[in-house]
Amino acid sequence: MTTATHAAPAPLAGGRRVSPGTAARNVATLAWRNLVQIKHNPMELIDLSIQPIMFVLLFAYVFGPAIGGTVEGYLPVVIPGIIAQNALFATMTTGFGLNVDITKGVFDRLRSLPIARIAPLTGRMLADTVKQVWSMAVLLAVGFAIGFRIETSPLHLLAALAVLLAFTTLFAWAAVFIGLAVGEPEKVQIFGFTIIFPITFLSSAFVPISPQAPEVLQFVMRNNPMTHLVEAVRGLMVGGQGGGPVLEHTVIALGWGVLIAAIFIPLAMRAFRRRV
0 MTTATHAAPA
10 PLAGGRRVSP
20 GTAARNVATL
30 AWRNLVQIKH
40 NPMELIDLSI
50 QPIMFVLLFA
60 YVFGPAIGGT
70 VEGYLPVVIP
80 GIIAQNALFA
90 TMTTGFGLNV
100 DITKGVFDRL
110 RSLPIARIAP
120 LTGRMLADTV
130 KQVWSMAVLL
140 AVGFAIGFRI
150 ETSPLHLLAA
160 LAVLLAFTTL
170 FAWAAVFIGL
180 AVGEPEKVQI
190 FGFTIIFPIT
200 FLSSAFVPIS
210 PQAPEVLQFV
220 MRNNPMTHLV
230 EAVRGLMVGG
240 QGGGPVLEHT
250 VIALGWGVLI
260 AAIFIPLAMR
270 AFRRRV
């Protein structure tokens, strides 16, 4: 009499251990995959370019004279603010893209490949960081075209962009969690707008904090992480024209970023293991 035996299912190739060098190459390859997709979806490039331009022109020429007296006087306030706002909104494309890939079964196909399991996630984040740099360059170019000038130095400008990228990379983990936790891509966008709109418009991104504002509103604006991010970037770009103590704002903004990442990285990784 014989006893039937059943072989245990083989582990997925994507779950095997790989060396750090191989993992880095996996991440770079998948980041490139996400970037190459832009040529098949030109609307994404238009969205990355046209929408920021519309924001700059709208705020500079429609709201500028009312808020800053003149367009020229308002540009040092609004250009850094719009760059920071656009960078924050761009983090939601990471969550949206992850959700689309999972919904379409892309992650299921990638799991059968001998790659680092985390590579699809970090590859998406790296690709979206490159897209953010493109959007920042577009916004700066438009700003220069209408009269905005860097009042500090090229090194200060690079430092401002580095602070932005550092904060948004940390903040992006919240977007990653949302993208992995909700069932449909459209819900990612809804969550994104619900969270980011209040953060940006209850900050000093577009108007200085007025002492005539209600005390509760002043408290919210002064303690908003977006305010510290904008003031740090503004100070590095235009110096004393509304920049405030740059180092203090930078430390507080990045501290908020670390706190957000510390909360959402474990949540995102748990959701990632559950869905992938």
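In numbering that gives the first Met the number 0, the protein residues as written are 0 to 275.
Cβ atoms here follow ideal geometry from the backbone N, Cα and C, with glycine treated the same way.
Check, Outcome
"Buried/exposed call for His39, threshold 16 Cβ in 10 Å", "exposed"
"Helix, strand or coil at Glu150 according to DSSP, with G and I counted as helix", "coil"
"Neighbourhood of Glu71 by C-beta, 6 Å cutoff - its chain only, sequence neighbours within 5 removed", "Gly146"
"Among Asp127, His248, Pro119, Lys186, the one whose alpha carbon lies nearest that of Val275", "Pro119"
"Beta-carbon proximity list for Ala7, same chain, < 8 Å, skipping 5 on both sides", "Model confidence at Ala7 stands at a pLDDT of 42, short of 50, so the residue's coordinates are unreliable and nothing is read from them."
"Contact set for Gly241: own chain, Cβ-Cβ below 7 Å, skip 5 residues either direction", "Note that Gly241 scores 48 on pLDDT, short of 50, meaning its location in the model is unreliable; the coordinates nonetheless yield the value given after this. Correct list, in chain order: Pro75, Val76, Pro207, Arg233."
"Asn98 (DSSP reduced to helix, strand or coil)", "helix"
"Secondary structure of Lys38, DSSP reduced to three states", "helix"
"Given 8 Å, three or more beta-carbon pairs between the segment 54 to 66 and the segment 191 to 199", "no"
"Distance, Ile45 Cα to Lys103 Cα", "23 Å"
"Local Cβ density within 10 Å of Ala136, reported as buried at 16 or more and exposed below that", "exposed"
"Nearest candidate by alpha-carbon position, reference Ala260, set Thr168, Ser202, Leu216", "Thr168"
"Thr90 beta carbon less than 8 Å from that of Ala174", "yes"
"Contacts around Leu201, its chain only, beta-carbon distance under 7 Å, and the 5 residues preceding and following it disregarded", "Val219, Met220, Asn223"
"Alpha helix (DSSP H) segments (min. 4 residues) lying fully within the segment 180 to 255", "184 to 200, 214 to 221, 224 to 237"
"Local conformation of Leu112 per DSSP, three classes", "coil"
"Residue closest to Ala267, alpha-carbon to alpha-carbon, out of Val229, Glu150, Trp172, Val55", "Trp172"
"Proximity to Leu97 [Cα-Cα], best of Ser18, Val181, Thr69, Val250", "Val181"
"Whole-number beta carbon distance between Phe263 and Phe196, since they are thought to touch under 8 Å", "Not quite, the Cβ-Cβ distance comes to about 19 Å (not below 8 Å), so this is no contact."
"CB-CB length for Val132 against Ala252, believed under 8 Å", "At roughly 19 Å, the Cβ-Cβ gap does not stay under 8 Å, so Val132 and Ala252 are not in contact."
"Limits of the alpha helix (DSSP H) - the one that Arg123 falls within", "118 to 144"
"Inter-residue CB distance, Pro184 and Phe95 (contact presumed, cutoff 8 Å)", "5 Å"
"Reference Trp31; option with closest CA among Phe170, Val229, Met124", "Met124"
"Reference Pro79, options Ile114, Arg116, Arg148, Asn33, closest by Cα", "Arg148"
"Phe205 beta carbon near the ligand HEM (any heavy atom closer than 7 Å)", "Absence of the ligand HEM from the depicted structure is noted, as is the absence of any ligand whatsoever, leaving it without description."
"Proximity of Ala270 and Leu179 at Cβ, strictly below 8 Å", "yes"
"For Asp127, the nearest candidate out of Leu154, Gly68, Thr151, Thr93 (CA to CA)", "Thr93"
"Inter-residue spacing [alpha-carbon to alpha-carbon] between Ala22 and Ile114", "7 Å"
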